[in-house]
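Trainee: Residue numbers (our numbering): 530 to 709.
Virtual Cβ for every residue (Gly too), placed ideally from N, Cα, C.
Since the structure is predicted, the reported quantities are computational estimates derived from the model, not experimental observations.
1. So for residue 628, helix, strand or coil by DSSP?
2. Given 8 angstroms as the limit, is there contact between the stretch 581–590 and the stretch 670–677, that is, 3 or more CB pairs closer than that?
3. Going straight from the alpha carbon of residue 693 to that of residue 531, what length do you get?
4. So what does DSSP say about residue 557, is it helix, strand or coil?
5. Does the Cβ-Cβ distance between residue 573 and residue 537 come in under 7 angstroms?
6. If we call anything under 7 angstroms between Cβ atoms a contact, is residue 621 one with residue 666?
7. Mapping the DSSP letters down to three states, classify residue 701 as helix, strand or coil.
8. With a Cβ-Cβ cutoff of 7 angstroms, do residue 658 and residue 681 count as a contact?
9. Are the beta-carbon atoms belonging to residue 595 and residue 632 less than 7 angstroms from one another?
10. Determine the DSSP secondary structure at residue 665, reduced to helix, strand or coil.
11. Using 7 angstroms as the threshold, is the C-beta distance between residue 577 and residue 638 below it?
12. Return no unless some Cβ of chain D is closer than 7 angstroms to the Cβ of residue 537.
13. Excluding the 5 residues preceding and the 5 following residue 634 in the sequence, name in chain order all residues of the same chain whose CB lies nearer than 6 angstroms to its CB.
14. Just confirm the distance between the C-beta atoms of residue 608 and residue 696, as a whole number of angstroms; I'd bet it's less than 8 angstroms.
15. Output needed for residue 685: all residues of its chain with C-beta closer than 8 angstroms, excluding positions within five of it in sequence on either side, in chain order.
16. Starting from residue 533, follow its DSSP beta bridges and name the residues at the other end.
17. If you follow the beta strand (DSSP E) that residue 680 is part of, which residue opens it and which one closes it?
18. Can you tell me the Cα-Cα spacing of residue 690 and residue 589, whole angstroms?
19. Using three-state DSSP, classify residue 686 as helix, strand or coil.
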C-alpha cells in the first residue's frame, strides 16, 4: 500500500471512487457515504493549488482518498459558506475556530473491499500531515445519519465533536482536531 499526494493523472480514479460512494448512488447508507460533489476542474484545482488530495494505492488501483483545502477553496459550495458562518460559534481546546486557523477536511472515502484494513488511518494521518505547516487545526462535518463515519473519525482518527449545526433540514456534527 502506497500513501501519497494525488496528481492530475489520478483524477479519473478518485472521481470514480467518490461517485461510487456518493449518497446519491449508495443504496445501503449504513456502510457510510459521501455527500460532496466535485467536478474534474475543481479536483484539478484542489490538487494543483492546495495539494489537497491524499490517496492510497494498492498497486495501480486507488483504494482511498481524503480531500483537504482552505476555506477559500471550499467557499464556492453553499454548504461550506454556511460552515464558514458557523465556525466562529465553536472552539476546540479553548481556541475559537476560524478560517485562518482551520482548514476543511473531507470527504474521505475507502473502497469497500479495503475497509477495516487500516488504510483509513493511514490516509487520514497523511492528509493531516500535508496541512500541518499551514494550519494548527482541522475542522470538518459529519452528517448525523452517517454513524460509520462518526465512529471512524472519533475512534480511529481521534477527532472530537465540538458542536452541531443544521443545514437544509439535515443535522451535522462539527468535528475538530490538531494537525500536530
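Mentor: With the given structure in hand:
1. Note: residue 628 maps to coil in three-state DSSP.
2. Under the Cβ criterion (8 angstroms, minimum of three pairs), the stretch 581–590 does not count as touching the stretch 670–677.
3. Answer to the nearest angstrom: the Cα atoms are 35 angstroms apart.
4. Correct three-state label for residue 557: coil.
5. In contact: residue 573 and residue 537 (Cβ atoms closer than 7 angstroms).
6. For the pair residue 621 and residue 666, the CB atoms are nearer than the 7 angstroms cut-off.
7. Residue 701 falls in the strand class under three-state DSSP.
8. Between residue 658 and residue 681, the C-beta spacing is not below 7 angstroms.
9. No, Cβ-Cβ distance for residue 595 and residue 632 is not below 7 angstroms.
10. Correct three-state label for residue 665: coil.
11. Cβ atoms of residue 577 and residue 638: not closer than 7 angstroms.
12. Structure shown: chain D not included; a single protein chain is present.
13. Counting only Cβ-Cβ distances below 6 angstroms, and skipping sequence neighbours, we find 597, 667, 669.
14. Approximately 6 angstroms separates the beta-carbon atoms of residue 608 and residue 696; this is inside 8 angstroms, confirming the contact.
15. Within the same chain, and ignoring the five residues on either side of residue 685 in sequence, the residues whose Cβ sits closer than 8 angstroms to its Cβ are 649, 650, 653.
16. Note: residue 533 is bridge-paired with 584 in the DSSP secondary-structure output.
17. Counting along the chain, residue 680 falls outside any beta strand (DSSP E), though it belongs to the alpha helix (DSSP H) covering 676–680.
18. Residue 690 and residue 589: Cα-Cα distance of roughly 35 angstroms.
19. Here residue 686 sits in coil by DSSP.
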